[in-house]
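Asker:
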Amino acid sequence: MTSPAEPNYITPDQLCIGLYIRLDLDWTAHPFTFNQFKIKSQEQIDTLRALGLERIRYDAKRSDQSPLPASPPSASATPAAPKGPSTEQLGAIAAKKARIERLTQHRAALNECERKFVGASRAVKAITRNLFARPEESMKEALALVGDLVDSMLTDRDIAIHLMNDKVANEEVYYHQLNVAVLAMMLGKQLGLGREALTDLGMGALFHDIGKVDIPEKILLKTEPLTPSEQDLMMRHTQYGLDIGKKLNLSPEALAIVFQHHEHVDGSGYPHGLRAEGILPLSKIISIVNTYDNLCNRPNPRDSLTPYEALAMMFSQLRARFEPHPLGIFIRCMGVYPPGTLVQLSNNALGLVMAVNSSKPLKPTVLIYDPSIPKHEAVILDLEQEAELNIIKSIRPAQLPQQVFTYLNPRKRMTYYCDAVPGKAAGD
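Numbering follows the numbering used here, with no gaps: position 325 of the sequence shown is 325.
(1) Given this structure, state the Cα-to-Cα distance separating GLU171 from SER268, to the nearest angstrom.
(2) Can you look up CYS333 in the DSSP assignment and give me helix, strand or coil?
(3) In its own chain, which residues sit with a C-beta less than 6 Å from the C-beta of PRO338, not counting the 5 before and 5 after it?
(4) Bridge partners of ALA355, per DSSP?
(5) Enumerate in chain order the residues of its own chain whose CB-to-CB distance from ASP293 is below 8 Å, with the five nearest sequence positions on each side excluded.
(6) Should GLN260 be labelled buried (16 or more other beta-carbon atoms within 10 Å of its own) or exposed?
(7) Kindly indicate the opening and closing residues of the beta strand (DSSP E) around GLN105.
(8) Assuming the contact rule is C-beta atoms closer than 8 Å, TYR20 and LYS38 should be a hit. Round their C-beta distance to whole Å, please.
(9) Apart from the five residues on each side of it in sequence, which residues of its chain come closer than 8 Å, Cβ to Cβ, to PHE315?
(10) For LYS363, which residues in the same chain have their Cβ closer than 7 Å to its Cβ, ignoring the five residues on either side in sequence?
(11) Look at the alpha carbon of ILE455 and the alpha carbon of ASN347, and state the distance between them as a whole number of angstroms.
(12) Starting from VAL182, trace the alpha helix (DSSP H) both ways and give me its first and last residue.
(13) Ignore the nearest five residues each way along the sequence and tell me which others in LEU408's own chain have a CB closer than 6 Å to its CB.
(14) Can you give the beta carbon distance from CYS418 to MET186, rounded, assuming they're within the 8 Å contact cut?
(15) Which whole-angstrom value describes the C-beta separation of ILE380 and TRP27, a residue pair presumed to lie in contact below a C-beta threshold of 8 Å?
(16) Do VAL150 and THR199 come within 7 Å of each other at the CB atom, strictly closer than that value?
(17) Going by DSSP, what residue range makes up the beta strand (DSSP E) through LEU345?
(18) Among PRO361, ASP266 and LEU345, which one has its Cα closest to the Cα of ARG319?
(19) Output the boundary residues of the beta strand (DSSP E) element that contains GLN239.
(20) To the nearest angstrom, report how far apart ASP303 and GLY340 are at their CA atoms.
(21) In the DSSP output, what is GLN403 paired with across the bridge?
(22) Tell me ARG195's beta-bridge partners as DSSP assigns them.
(23) Is the beta carbon of LEU68 sitting closer than 7 Å to the one on GLN14?
(24) If you draw a straight line from the alpha carbon of HIS264 to that of ALA109, how long is it in whole angstroms?
(25) Can you tell me which of THR291, ALA142 and LEU295 puts its alpha carbon nearest to the alpha carbon of ASN249?
(26) Taking the C-alpha atoms as reference points, what is the distance between MET164 and ASN390?
(27) If you reduce the DSSP assignment to three classes, tell me which class ILE373 lands in.
(28) For GLY147, I'd like the list of residues in its chain whose CB is within less than 8 Å of its CB, leaving aside the five on either flank, ordered along the chain.
(29) Can you say whether ASN130 is buried or exposed, counting buried as having 16 or more other CB atoms within 10 angstroms of its CB?
(30) Let me check understanding here. Comparing Cα to Cα, which of GLN89, PHE34 and SER71 lies closest to ILE43?
(31) Please list the terminal residues of the continuous beta strand (DSSP E) segment that includes GLN36.
(32) Applying the 10 Å Cβ sphere with the 16-neighbour rule, what's the burial state of THR227?
(33) Would you kindly work out how many angstroms separate the C-alpha atoms of PRO31 and LEU23, rounded to a whole number?
(34) Hey, how far is the Cα of GLU136 from the Cα of PRO225?
(35) Is the Cβ-Cβ distance between GLY241 and ILE210 less than 7 Å?
(36) Compute the distance between the beta-carbons of ASP158 and VAL421, then report whether it is under 7 Å.
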């Protein structure tokens, strides 16, 4: 029976459809997707009773029904013979085992992706540091880095876009040029570019802002709006970059990216206000990705948009600036809710989008907030495998209660890396 001192606990015989219950068990010790949920079927009740728990916690405020009256104890009653699990329960157990296996695989893939990201970040740092002292060596390192990324893109497997962990992707290792290179090459793959074009795209992306070395640091680091004279100086970085790129023997296509990455197809960009016909295709790709990254990662993080807001702005307010086809492909690949977006699911659970499969972007991988599970063991669900769950809306970090914010740890800086989805051929 329910103890007066413990009003939120009931016995299994009191379960009914509409109760919101919380299981005080390890997530791996029961067949349900979540440790807390609203009961929707008799099968769920049967499975809960089969767990052998003496009592189950429920949340009266989130329940649609009150618990059933507790059955009176009967000393003379003959205990019922234990029943074996039903077909439905066996199916739920099998599904949970598969879910645990997917979680293990995802964590392994994320760890491998973070290892590659750290290596790429170190390479970018070395390239940037030694570019003018040892230009030939730095260019060889850049080509090697881009070559590795091209190899990972030119695969018959799907590409997953991962959000990097804060312990890996903090400001110290945040590199705008690497973010732009990774996302641009992912977009290039989806557009059907071959090895040579992807290499030019990657090299142009890595060096697209190289002209900023000649811009005063106080302007580059300024978090307030630039004055007209400061803005005029900032806009010169494309010409400075072109001059430097020629000395580094960048390909003509990569040089065009360096010079044209702020041009817009409607003529509103700089340095020459070119329209669509005057902008090379690879430059149009970088313009899209560069804009997205700048919206998500502004100099003052408080001014940054969420990934969801950035894509929405690009599509609704800035669409005229970009070539329609690559913009549409980029939005499709990133998904409606790109990695780094805080979301609410259809069962009201809160989560953080961790990865998107570029060919199946409507069903991302989401880290779930569940206070009954330690943060370092947080459940990560692949919504592609969860038919009953979907995302209903995006949430801004400021809307989260503090405990949820701390648990999900939304990133101040959005940093991505791509890797092939293990064992999945594209379109499978």
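Ideal placement from N, C-alpha and C gives every residue a C-beta, glycine not left out.
Since we're looking at a predicted model, the values are computed, not measured.
Answerer: Taking the coordinates as given:
(1) Because the pLDDT at GLU171 is just 47, under 50, the model does not fix this residue reliably, and the value given afterwards should be weighed accordingly. The alpha-carbon atoms of GLU171 and SER268 are separated by roughly 31 Å.
(2) helix
(3) PRO307
(4) HIS162 and THR365
(5) HIS176, ASN179, VAL180, LEU183 and MET414
(6) buried
(7) Note, GLN105: premise wrong, no beta strand (DSSP E); alpha helix (DSSP H) at 87 to 130.
(8) 5 Å
(9) LEU327 and ILE331
(10) LEU383 and GLU384
(11) The question about residue 455 has no answer, for the chain in this structure spans 1 to 428.
(12) 176 to 190
(13) LEU352 and TYR369
(14) 5 Å
(15) Rounded, the Cβ-Cβ distance is 11 Å, inconsistent with contact.
(16) yes
(17) 342 to 345
(18) ASP266
(19) Looking at the DSSP string, GLN239 is not in any beta strand (DSSP E); the run it does join, the alpha helix (DSSP H), is 237 to 247.
(20) 16 Å
(21) Paired residue(s): none; GLN403 is not in a bridge.
(22) Paired residue(s): none; ARG195 is not in a bridge.
(23) yes
(24) 37 Å
(25) ALA142
(26) 23 Å
(27) coil
(28) THR199
(29) exposed
(30) The sequence shown places Glu at residue 43, rather than the Ile named in the question. Of the listed residues, the one whose Cα sits closest to GLU43 is GLN89.
(31) 36 to 38
(32) exposed
(33) 11 Å
(34) 37 Å
(35) yes
(36) yes
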